[in-house]
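As given, the protein sequences belong to chains C and L, one line each in that order. Its first residue numbered 112, the first sequence is counted upward by one per residue in my numbering. Its first residue numbered -19, the second sequence is counted upward by one per residue in my numbering.
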Amino acid sequence: SQQGEEDPQALSIQEGENATMNCSYKTSINNLQWYRQNSGRGLVHLILIRSNEREKHSGRLRVTLDTSKKSSSLLITASRAADTASYFCATDANYGGSQGNLIFGKGTKLSVKP
Amino acid sequence: KAGVTQTPRYLIKTRGQQVTLSCSPISGHRSVSWYQQTPGQGLQFLFEYFSETQRNKGNFPGRFSGRQFSNSRSEMNVSTLELGDSALYLCASSGMTGAVIGYTFGSGTRLTVV
Chain C
112 SQQGEEDPQA LSIQEGENAT MNCSYKTSIN NLQWYRQNSG RGLVHLILIR SNEREKHSGR
172 LRVTLDTSKK SSSLLITASR AADTASYFCA TDANYGGSQG NLIFGKGTKL SVKP
Chain L
-19 KAGVTQTPRY LIKTRGQQVT LSCSPISGHR SVSWYQQTPG QGLQFLFEYF SETQRNKGNF
41 PGRFSGRQFS NSRSEMNVST LELGDSALYL CASSGMTGAV IGYTFGSGTR LTVV
């Protein structure tokens, strides 16, 4: 079952603009992760934010987490054509201590035009 | 170091046949998870193995099975293939047994059932 729901489903921007994607989830989590997928290939891990963190940065990426609203956002600043991809949030819920079960949202398809 | 290797990259099978997919995790990683990605259902968790033991299983029929070997390489098997099994199958490896720091995904196996 899908836990995360990304918003918007698709986003088209010009190079140099910022891109913001949002994710909502349903249950309590250990952490929330963002992944990128280029056209039907494997997922690339971008950033992980733990449930006790509110904001995290990595290069041009900024992730926020609001556990009271069960939501997260991913901001990509100064976007480039190479950022064109689908972006997924994934939650790692602690079901009785089990691991390895990431629950993904449906993704946001980002298109960055040169 | 080498990434996660999935073989084969592409596969075409006929309904009713069975198929075995292989995943070699990053050296030293002991956790391997499998996911199915389809346009309709998105990314769904299949199962996770750690040290040759299945620790977690998603909501898939018994036709989907897997195993992990002592060198951490993992295989998944789908028996009595159905058209709906056509998907991109991704495996991911992780070196952490406690707090997750993110998973490394392979490029996937694209299975087409005709």
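Positions of the beta carbon are idealized from the N, C-alpha and C atoms, including for glycine.
query: DSSP-derived helix/strand/coil call for L/Leu61; result: coil
query: CA nearest to the CA of C/Ala189, picked from C/Asp118, C/Arg171, C/Gln120, C/Leu221; result: C/Arg171
query: Burial state of C/Asp203 (16 or more Cβ within 10 Å); result: buried
query: C-beta neighbour in chain C for L/Leu23, strict 7 angstroms; result: yes
query: Three or more C-beta pairs below 8 angstroms linking the segment 27 to 37 of chain L and the segment 83 to 90 of chain L; result: no
query: Under 7 angstroms between C-beta atoms of L/Ser13 and L/Ala67; result: no
query: L/Thr0: first and last residue of the uninterrupted beta strand (DSSP E) it sits in; result: -1 to 4
query: Closer than 6 angstroms: L/Cys3 CB and nearest the ligand COA heavy atom; result: Judged by which ligands are present, the structure shown has none, so any question about the ligand COA falls away.
query: C/Ala189 - DSSP class collapsed to helix/strand/coil; result: coil
query: Beta-carbon contacts of C/Asp118 that lie in its chain and below 7 angstroms, excluding the five residues immediately before and after; result: Asn133
query: C/Asn149 at chain L interface by Cβ criterion, 7 angstroms; result: no
query: Cutoff 7 angstroms: L/Ser73 Cβ touching any chain C Cβ; result: no
query: Any C-beta of chain L under 7 angstroms from that of C/Lys220; result: no
query: Within chain L, partners of C/Gly153 - CB distance below 7 angstroms; result: Leu70, Phe85, Gly86, Ser87, Gly88
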